[in-house]
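J.: Sharing a structure below in C-alpha cells format, with a few things to ask.
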Amino acid sequence: MPSRLGIIALVGILAAVGIMAGYTFRYGQPQVTSTEVSTLPPSSHGPGMTTTNTMPAYTQTTGATTTTTATTIATSMGPHGPGNGMMQMNSTIQAACITAGLNDKPIGQNIKWLFDNHDIFNYKLMEFPENKTLIWIISAPDKAALETLVSHVMQMECVVEHGGNPRPFDPLFRVDAAITSKYVHTEIKWLNDTTVKIVKVANNDCAFEVIKLHAQVVKGFFDTGRIEAQKIHEVPEYALELCKTYLGDTS
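Numbering (this note's numbering), first residue to last: 1 to 251.
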C-alpha cells in the first residue's frame, strides 16, 4: 500500500501535467484577435458576410430595365416633352421652311412674336366670289413687324407644300392643308414698306370656301391672339359637302 508521501507526489505530478496541457491548448493554437476580426469588411447581412453580396446582380438588371423604359417613353413623347411628338416628326420640314421666310427666323419664333403682337396690325379683307379670290390688305407700324407676318405666311405655305400640317389636331387646318396645297395659289405683293397685299385664288368652290373659313380664323387671331389660337375649328357640313370629292379620308 503506497505511503502518504507517495500519494502526495503523484498528485503533484498530475497537476503539473494538467497545467502544461492547458497552456498548450490556450496559447499554442493560432487565435483570431479582435483586431483581425475588425478588419473584415462590414456587412448589413450580419457577421461573416462581406459587402460582395450587398449589390446583387439584379441591381444592374433593374437599372438597365429602368433605362430602357425611360428611353421608350422619351422616344414616344419626343425630345421636347409630352405632346410634342408631331414637332419631332416635322422637324425636317420645319428646318427646310425656315429660309422660306424673309427674316430667316425659326417658325416657332415668328409665331410667338405674332402671339405677343397680334393687335398691332390693321387689315382689310375682300372677297370676290366671281373669281374665287380673296384679298388681304395688311399694314403694320414698321417694316420689321410686317416682315415677321409675311415670313409666317410664307413659312406656312412651305410647310403645307412639303406635306406638313401646322395644326394637325384641328379639323379645319387638316382640310386647309389638304386643299390649299393643291387648289389655291397665293401671291404676296408689297405696296410699300408697311403695307402688303396677299391674294389667294382658288381653283374650285371647295377651295374658295376653305380659304374663306381660314380667313375668319386669321381675323380672330388679329383680334384676340392666343384666344383664337386655342380654339378647335370644326368644318361646317356644307363645306365638307363641297369638298368631299377632293378630300377622301382627310377630314
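For every residue, glycine included, the Cβ atom is placed at its ideal position computed from N, Cα and C.
The structure presented is a predicted model; accordingly, all values stated were derived computationally and were not measured.
By the DSSP assignment, the alpha helix (DSSP H) with F221 in it spans what residues?
T.: It spans 205-224 - the alpha helix (DSSP H) in which F221 sits, taken as one unbroken run.
J.: So, is the C-beta of I111 closer than 8 Å to a C-beta in chain B?
T.: Checking the listed chains, one finds no chain B in this structure; it contains a single protein chain.
J.: Would you call the stretch 139-147 in contact with the stretch 234-247, where contact means no fewer than 3 C-beta pairs closer than 8 Å?
T.: Judged by Cβ distances under 8 Å, the stretch 139-147 makes no contact with the stretch 234-247, as fewer than three pairs qualify.
J.: Taking all protein chains shown into account, decide if L134 is buried (16 or more other Cβ within 10 angstroms of its Cβ) or exposed.
T.: Classification of L134: buried, given that the 10 Å Cβ count is 16 or more.
J.: For I107, I'd like the list of residues in its chain whose CB is within less than 6 Å of its CB, leaving aside the five on either flank, ordered along the chain.
T.: Counting only Cβ-Cβ distances below 6 Å, and skipping sequence neighbours, we find Q94, Q155.
J.: Taking 7 Å as the cut-off, does the CB of V235 come closer than this to any heavy atom belonging to the ligand NAD?
T.: Among the ligands in the structure shown, none appear at all, so the ligand NAD cannot be discussed.
J.: According to the neighbour-count rule (16 or more other Cβ atoms, all chains shown, within 10 Å of its Cβ), is G101 buried or exposed?
T.: With 16 or more Cβ atoms within 10 Å of its Cβ, G101 is classed as buried.
J.: May I have the straight-line CA-CA distance separating K132 from T186, to the nearest angstrom?
T.: Each residue's Cα considered, the two are about 12 Å apart.
J.: For the putative contact between I179 and V210, defined by C-beta atoms under 8 Å, what is the C-beta separation to the nearest angstrom?
T.: Rounded, the Cβ-Cβ distance is 5 Å, consistent with contact.
J.: Who does V196 pair with in a DSSP beta bridge?
T.: In the DSSP output, where bridge partners are listed per residue, V196 has I138, W190.
J.: Thinking C-alpha only, which one of I138, G220, A96, S91 is nearest K124?
T.: Ranking I138, G220, A96, S91 by Cα distance to K124 puts I138 first.
J.: Check H233 in the structure and name its three-state DSSP category.
T.: Reduced to three states, the DSSP call for H233 is coil.
J.: Classify K132 as helix, strand or coil using the three-state DSSP reduction.
T.: Of the three classes helix, strand and coil, the one that applies to K132 here is coil, per DSSP.
J.: Give me the residue from F221, L247, A202, K105 with the minimum Cα distance to E130.
T.: The candidate whose alpha carbon is nearest that of E130 is A202.
J.: Please report the straight-line C-alpha distance between G163 and D142, rounded to a whole angstrom.
T.: If you take the alpha carbons of G163 and D142, they lie about 33 Å apart.
J.: Helix, strand or coil for H162? Go by DSSP, reduced to three states.
T.: It is coil, neither helix nor strand.
J.: Quick check on L125: does DSSP put it in helix, strand or coil?
T.: If DSSP states are grouped into helix, strand and coil, L125 belongs with the strands.
J.: Return the CA-CA distance between K136 and E157, expressed in angstroms with no decimal places.
T.: The sequence shown places Trp at residue 136, not Lys. Rounded to the nearest angstrom, the two C-alpha atoms are 16 Å apart.
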